[in-house]
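One structure is given here, and the rest of the page talks about it.
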């Protein structure tokens, strides 16, 4: 099976990525599309929102994914399908990631829209520590 | 001299007023009590204006107003003229009176301005034949100089607010000048010395015609003397400049007292601004670093269920030896498809086929998936391990950001404080005042350096002069045929020497007498007799107070003691000088603590038994305690009040 050469977002999400750019994607790390996608994916996964893409639009080339990024995407796919065999279907692995990112970017956009400007990362930090505590990590 | 009456017409707050100070009653003590703004200090100014045509004690408010009374200006028509007059009637001795009268005519230009049209000053007195003499212009000024010389007026008329700083302001230079004037050495210097010097020069000139060597030496000597004279002038000029600079530094220091140092504050403000900018920049960088770390950390937390699950599967498979796979599932699939062993080439029978199929079924992880899992295991464990470390980094950066925010806040507060301090001030004007003071400080330092150089040079030139004088004397000795001339020249030289020695002796004797009398008076007056041992006025006329333990303590005495020392010194100066002038003190106890006010009042009262003392009090200064001492002794007591829309002062005898 050939490996997809890029990862996709929903056509409508492009506007959402632009809208959250100033508030969330302004730092050095998140100004890369790949990292924006992974962040949205994480948000979608954390909120268990996974939505099918209506009109697919290429977002970044899969070759930009680092082994660490691939590991995380794979882990999400394993979690979602409850099977390691999903790893033999890379197209499906990417699809799962895209669906979570599709859900995540919407949540992110809604959060930005309802919160005070400049406060996102403060809120995010608080939320992450609470989540860490509830997951009993570390 | 004592002041009998002061008459004021249209002078500042005073429309027309006569202050009668003729009564004595044993104590020649006169008291004027008035609140601020009623014109107490302007009584002091009026005497100065009358005698010296100056008003050295003007308040900031008065300085903005013209000399004439505001009410008078209001009442007359534009274009009209009116007089301003101050007369000081004084008693030189019981049978001899003198009147100092200064009149100025002003013209009202419009509602806001007046211009001085003319001014005249006259001194009226009675001569030996009972003729009334009116001295004007220079002659009148001469009379002032003979009775209350302008050069030492600050030793008669005081502003009590400044008395505690008396010895800081009255430098050795000023005191030397005062001693010089009161000892009348100027008569010796200007009259006799100068005349004998001219005589000697003329005689030597005559002698030089008989001997060319004498002429040559004389020329050199005259040249050197001229240089020395110029140097003396320059030294005097330097001293004047230094004295003016000290006064001005003090004056601007007073003006700037309590007012912020704009220049320094501007530097501070810029520093705070730069600090805030720098720290803000660092804070933004740190916040960006924190966001980056938080993004990665947050992703790990958010994806933790997936990461954890994958790691558990991977570790389990590793434990079960399922990964890395010992069997290549793809190879087995290929063998089964071809019915032939890919290793030994043997064709597979049914049993072999079913055995291979069993192995394939048992091997549930393909090598591709296994490789992926192994790689995942490595990176996910790396994430797990780095997790704690990232958390610490985030905390550390968070603390750094907090610290920076705290520092930015502090700088912000400092900036606000500076802006608060500067609000309401005319920054440009204050900067200008600081600048002027700085210029006077530079002038002072520059002239000090010049003075040092001139003193060194004059010492050298004096040595040259002495040498040339010896050589000239040698040449004169050789000239046998001008014996008479030589005798006359020698006589002049000896006379000059005697005169110079006399001058030195008088100066020294006067200094010593003032020193001893100051010590006696201070010793009588001071309430801390045990702590005080000696007063020294050194050859440079610097005054020092010696503690009973032997150390100098002028700089550490209280305002009251400082005023007392100033009073003792002044009384000594009056006594030794023979200038029996009154003492007039404006706000005499303003800077003295409550406990010492009574003592000071008592002392002033005692002083008034032998000298006219005029004291100008504010009502708060003239407290029950002070009045209980002075009320039984005063000869006259007046109260000053303002009326007519606070433009005219009225005086009432109490």
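Protein chains in written order, with the numbering used here: chain A, 1 to 138; chain B, 139 to 792. All C-beta atoms, glycine included, are put in the ideal place defined by N, C-alpha and C.
Asked, Found
"For residue 62 of chain A, the three-state DSSP class (helix, strand or coil)", "helix"
"Inter-stretch contact (C-beta, 8 angstroms, three-pair minimum) for the segment 387 to 402 of chain B and the segment 641 to 648 of chain B", "no"
"Among A:97, A:19, A:65, A:90, nearest to residue 80 of chain A - alpha-carbon criterion", "A:97"
"Nearest-angstrom Cα separation, counted from residue 342 of chain B out to residue 671 of chain B", "53 angstroms"
"Residue closest to residue 685 of chain B, alpha-carbon to alpha-carbon, out of B:661, B:417, B:706, B:578", "B:661"
"CB contact check: residue 443 of chain B to chain A, cutoff 8 angstroms", "yes"
"Residue range of the beta strand (DSSP E) that includes residue 721 of chain B", "721 to 724"
"Contacts that residue 38 of chain A makes with chain B (C-beta to C-beta distance below 8 angstroms)", "437"
"Same chain, Cβ closer than 7 angstroms to residue 586 of chain B, neighbours up to 5 away in sequence not counted", "380"
"Chain-ordered neighbours of residue 517 of chain B on chain A, where CB pairs are closer than 7 angstroms", "67, 68, 71"
"Closest residue to residue 411 of chain B among B:554, B:366, B:282, B:515 (Cα-Cα distance)", "B:554"
"Sequence-distant residues of its chain with Cβ nearer than 6 angstroms to residue 407 of chain B (five each side left out)", "556"
"Beta-carbon separation (whole angstroms), residue 176 of chain B vs residue 778 of chain B, contact threshold 8 angstroms", "4 angstroms"
"Same chain only: Cβ atoms within 8 angstroms of residue 769 of chain B, ignoring 5 sequence neighbours per side", "775"
"Residue interval of the beta strand (DSSP E) (run including residue 243 of chain B)", "234 to 246"
"Short Cβ contact (8 angstroms threshold) for residue 140 of chain A with residue 51 of chain A", "With chain A represented from 1 up to 138, any question about residue 140 of chain A goes unanswered, as that position is not in the structure."
"Buried or exposed by the 16-neighbour rule on C-beta atoms within 10 Å, applied to residue 575 of chain B", "buried"
"Residue span of the beta strand (DSSP E) that contains residue 257 of chain B, given as start and end", "252 to 264"
"Cβ shell of residue 258 of chain B (< 6 angstroms), same chain only, five flanking positions each side left out", "241"
"Contact check, residue 143 of chain B vs residue 156 of chain B, beta carbons under 8 angstroms", "yes"
"Simplified DSSP state of residue 71 of chain A, which is helix, strand or coil", "helix"
"Own chain, CB closer than 7 angstroms to residue 659 of chain B, minus 5 neighbours either side, in chain order", "706, 709, 710"
"According to DSSP, residues forming a beta bridge with residue 789 of chain B", "B:778"
"8 angstroms contact criterion, which residue 139 of chain B and residue 285 of chain B should meet: CB distance rounded", "5 angstroms"
"Sub-8 angstroms separation of residue 673 of chain B and residue 656 of chain B beta-carbons", "yes"
"Unbroken stretches of the alpha helix (DSSP H), 4 residues or longer, contained in the segment 486 to 550 of chain B", "488 to 500"
"Closest by C-alpha distance to residue 224 of chain B, when choosing among B:676, B:149, B:562", "B:149"
"Chain B contact residues for residue 28 of chain A, given Cβ-Cβ distances below 7 angstroms", "426, 430"
"Identity of the residue in B:524, B:487, B:440, B:508 nearest residue 468 of chain B by Cα", "B:508"
"Stretch-stretch touch, CB-based, cutoff 8 angstroms, three pairs: the segment 359 to 373 of chain B with the segment 589 to 603 of chain B", "yes"
"The segment 196 to 216 of chain B in contact with the segment 226 to 237 of chain B per 3-pair CB rule at 8 angstroms", "no"
"Contact set between residue 433 of chain B and chain A, taken where Cβ atoms lie within less than 8 angstroms", "27, 29, 30, 35, 39"
"According to DSSP, residues forming a beta bridge with residue 147 of chain B", "B:154, B:223"
"Residues in the segment 78 to 93 of chain A having any Cβ partner in chain B nearer than 7 angstroms", "78, 79, 84, 85, 87, 88"
"Residue-level contact to chain B via CB, residue 117 of chain A, 8 angstroms cutoff", "no"
"Residue-level contact to chain A via CB, residue 403 of chain B, 8 angstroms cutoff", "no"
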